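Step one of this worksheet: look at the structure below.
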Ligand code: AMP
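Residue numbers (the numbering used here): 26 to 333.
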């Protein structure tokens, strides 16, 4: 199979409350948002994940309807699906996690079938770093590009394993608060340098509605967040961003700094859709035309002539 993007991450039931409303037991998880964002590119997306006995089969069927290969999703009959409860504050840039129940992920030890061992590119989505390591180690050849996403939960719960996997990947994608937590530095420049020194060639720091920064050697590149009049639920923005980046690079089948910059524009554009509706509603139902329109808007927003 060509242009294969393997995504490992959570499939979750989320309870979310924001100043604009709340949802209960809605489909979420890093693998879901990332694979939906990636599904808008020409590629073969595959998910490695686990669900419990309470999973609504319609949710998995919905992923399949987007041409995402879900045969790597294990179901554990005597466990429940990963559960996450969070509350967003008034500025929508900060949230408090109220509950995380690993459930089916507790003892998850994925054993990949042959057709899951030859990924061209690998997205180690936000998940237990030991599982991220296991999926990477089961690849027959090292993928052309490996991106890792993580979050505060794993920085505080599994720092040793996280430091181990950070050395094994090409791109680290992390938000500003988590970069500071990991590096113990307030300056994002110093945080990025710290993470680069751990081994990642490219470091992407997400800054919520303020966009994201890319660090490569001594270069810095910035993409804005798209200005939106309506943001109702930021959940999954980071995962959609990561899925958009990896989707673009997998379709293009290239890895270089200029492609990664462009990939970030696609990632930011896809993330901008996710936050406009609760849960996966918007990222699920996009069209290539809608995405292209927003990419044009993005281009006009950031383009200028400079004569000096
Ligand atoms: P994001 O808003 O992109 O940071 O990701 C939100 C998604 O991450 C939600 O759908 C959650 O189900 C999922 N999530 C929350 N906590 C964790 C965790 N500790 N590990 C993996 N996924 C998580």
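Quick reminder that beta carbons are idealized off the backbone N, C-alpha and C, glycines included.
It should be emphasised that the depicted structure is a prediction, and the values quoted were computed from it without experimental measurement.
If you follow the beta strand (DSSP E) that residue i is in, where does it begin and where does it stop?
| i | result |
| --- | --- |
| residue 241 | 237-241 |
| residue 331 | No beta strand (DSSP E) contains residue 331, which DSSP labels as neither H nor E. |
| residue 246 | 244-248 |
Based on the DSSP secondary-structure assignment, which residues constitute the bridge partners of residue i?
| i | result |
| --- | --- |
| residue 32 | 72, 148 |
| residue 37 | 53, 107 |
| residue 170 | 146 |
| residue 47 | 42 |
Counting only the same chain and skipping the five closest in sequence on each side, list residues whose C-beta sits under 8 Å from that of residue i.
| i | result |
| --- | --- |
| residue 274 | 146, 170, 280, 284, 285, 288 |
| residue 178 | 122, 125 |
| residue 236 | 247, 248, 249, 250, 293 |
| residue 144 | 29, 30, 31, 71, 164, 168 |
Once the 5 residues before and after residue i are set aside, which same chain residues still bring their CB inside 6 Å of it?
| i | result |
| --- | --- |
| residue 319 | 294 |
| residue 282 | 241 |
| residue 137 | 163 |
| residue 42 | 112 |
| residue 110 | 40, 123, 124 |
Who are the near neighbours of residue i in its chain, counting only those whose CB is closer than 7 Å to its CB and skipping five residues on each side?
| i | result |
| --- | --- |
| residue 127 | 107 |
| residue 157 | 33, 149, 173, 190 |
| residue 101 | 75, 77, 129 |
| residue 188 | 223 |
| residue 299 | 58, 261, 262, 265, 307, 308 |
| residue 91 | 61, 64 |
Among the options, which one has its Cα closest to the Cα of residue i?
| i | options | result |
| --- | --- | --- |
| residue 141 | 327, 324, 313, 29 | 29 |
| residue 3 | 307, 203, 67 | Outside the displayed span of the chain (26 to 333) sits residue 3, for which this structure offers no information. |
| residue 323 | 50, 297, 309, 307 | 297 |
| residue 327 | 160, 290, 317 | 290 |
| residue 72 | 95, 55, 87 | 95 |
| residue 56 | 44, 86, 321, 268 | 268 |
| residue 213 | 231, 225, 104 | 231 |
| residue 193 | 159, 88, 207, 206 | 159 |
| residue 37 | 218, 166, 152 | 152 |
Could you please give the first and the last residue of the uninterrupted alpha helix (DSSP H) stretch that includes residue i?
| i | result |
| --- | --- |
| residue 157 | 154-162 |
If you measure from the beta carbon of residue i to each beta carbon in chain C, is any gap under 9 Å?
| i | result |
| --- | --- |
| residue 165 | Absent from the structure is chain C; it holds one protein chain and no more. |
Does at least one heavy atom of the ligand GTP sit under 8 Å from the Cβ of residue i?
| i | result |
| --- | --- |
| residue 103 | No copy of the ligand GTP appears in this structure; the ligands present are the ligand AMP. |
**Study point:** Inside the segment 63-148 only - alpha helix (DSSP H) runs reaching at least 4 residues
**Key:** 82-90
Point to revise | Length at least 3, wholly inside the segment 172-242: the beta strand (DSSP E) runs in chain order | key: 196-200, 227-231, 237-241
Practice item. Enumerate, from N- to C-terminal direction, the unbroken alpha helix (DSSP H) stretches of 4 or more residues contained entirely within the segment 236-315. Key: 262-277, 282-299, 306-309
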